[in-house]
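Structure first, commentary second.
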Amino acid sequence: MQTHHHPLIAPALGTARQVTSFHYGQPGGKKVYVQASLHADELPGMLTAWALRRKLAALEAAGKLRGEVVVVPVANPIGLNQRWLGHLIGRFESNTAQNFNRNFYDLTALVLPRIESRLGPDADANRDAIRTAMGEALATQTPKTEIESQRLALQRLSYDADIVLDLHCDWEAAMHIYTNPELWPEVEPLARYLDAKASLLALDSVGNPFDEIHSFCWSELRERFGQRFPIPHSSISVTVELRSQRDVSHEFAEHDAQAIVEYLTGYGVIDGAAAPLPPLAHPATPLAGTEPIVAPASGVIVFRAECGAWIEAGAPIADIVDPLTDTLTTLHAGVSGVMYARHSARFATAGMEVARIAGDKPIRTGSLLSL
Ligand SMILES: [Zn+2]
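The UniProt record's numbering applies: residue 1 is where the sequence shown begins, and numbers increase by one.
In structure tokens:
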């Protein structure tokens, strides 16, 4: 195992932060990249990454690693230091209001000016050429701010990985994942090992979140050049939502780290026989099919359905209670599917989204992710 430190631009005099990466196995073969807590106040992934590191150390000592596994347990030291009146504030950078999981460097745009003349008839050679071009382009970037330098540090570690796992969580949620529809057959075993209750598929949900910049660029390059040059899909990239913000426990971390080990064993990066595939809880559904359940007026939120439950269209999700006018408004599901996430607040402002249901038919377009 090797440890590397990646200094970020110091935003103010007298401060210094860095991203730390742990590298198991040997580079040169398959590469896996796992990062946690990009949104800072999402801690289940950080604990899972720690549990995973212990497993990887044992596997490495036993000579069972066939590739390289890079783990970044603390992907966002900037966000971890954001506090407001005693509360940790993740997700957005306080200085710019930018979401920490948006605006990553667009790999397609970076490689387009330099890639066409390097492509040929061999798919493996094309993959190598594209990755080389990505590495060259990333090496020439000159970030100006701390957050830009953080994004670049993470991408320099991840751009050439065959598997990219970005460990997040939601406010209150059942285990669920986001990935590219073209990758679903290769991601499905991970969903089974994790026991994901929803698997949400989107090619490009707009905004350049971390997992999509890895997978979308290969889809886009295939679209542009695929008729003339074979371009394999070369990044199995997944956002894993490890349940709720407060679901931090050794039991969950052990389960989730072991699920990743089983998946990597099945993929061949870890020597041995993977555990039998558990059943998939529910088929994958389009991210465009998710229904936001919105409170039309302000009031106290009283949920009537649990995360992870299957909801039939028309079933009650929550009551919004206005104690001043003695008004009780019941919110109902418009589609059938798993209610995979809900707000952690119990007070609704007018128009606030309080829950999400994974419907199986596309009903939305445009930017599919929340802010
Ligand atoms: Zn997140």
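Glycine included, each C-beta is placed from N, C-alpha and C at the ideal position.
Query, Result
"Cβ-heavy atom distance, residue 250 to ligand 1, below 8 Å", "no"
"C-alpha gap between residue 6 and residue 78, whole angstroms", "13 Å"
"Assumed close pair residue 24, residue 1 - CB separation to whole angstroms, cut-off 8 Å", "5 Å"
"beta-carbon residue 56 near ligand 1 non-hydrogen atom, thresh 8 Å", "no"
"Cutoff 6 Å; reference residue 194; Cβ partners in own chain excluding five residues on either side", "175, 259"
"Under 9 Å between C-beta atoms of residue 127 and residue 231", "yes"
"Within the region 105-133, ranges of the alpha helix (DSSP H) (whole runs, at least 4 residues)", "107-115"
"Cutoff 7 Å; reference residue 191; Cβ partners in own chain excluding five residues on either side", "177, 199, 280"
"By C-beta, the residues closer than 7 Å to any heavy atom of ligand 1, given in chain order", "38, 39, 42, 91, 101, 168, 169"
"Selection from 297, 197, 364 that minimises the alpha carbon distance to residue 438", "As displayed, the chain neither begins before 1 nor continues past 371, which places residue 438 out of reach and without an answer."
"Continuous beta strand (DSSP E) stretch holding residue 299: start and end", "299-303"
"Assigned exposure category for residue 160 - 16 Cβ within 10 Å defines buried", "buried"
"Whole beta strand (DSSP E) elements within the region 222-302, 3-residue minimum", "236-244, 290-294"
"Through-space distance from residue 269 to residue 234, alpha-carbon basis", "15 Å"
"Complete runs of the beta strand (DSSP E) confined to the region 44-108 [at least 3 residues]", "68-72"
"Segments of 3+ residues assigned as beta strand (DSSP E) that fall wholly inside the region 153-187", "163-170, 176-179"
"Beta-bridge pairing of residue 31 - partner residues as DSSP gives them", "68"
"Of the residues 206, 320, 37, 335, the one placed nearest residue 345, counting alpha carbons only", "320"
"Top-ranked residue by Cα proximity to residue 245, from 43, 294, 120", "43"
"Residues that residue 2 bridges to, as DSSP identifies them", "23"
"Three-way DSSP call (helix, strand, coil) for residue 312 in this model", "coil"
"Residue 219 in three-state terms, based on DSSP", "helix"
"Nearest-angstrom Cα separation, counted from residue 158 out to residue 4", "14 Å"
"Which of helix, strand or coil DSSP assigns to residue 386", "A query on residue 386 cannot be resolved here, the shown segment of the chain reaching from 1 to 371 and no further."
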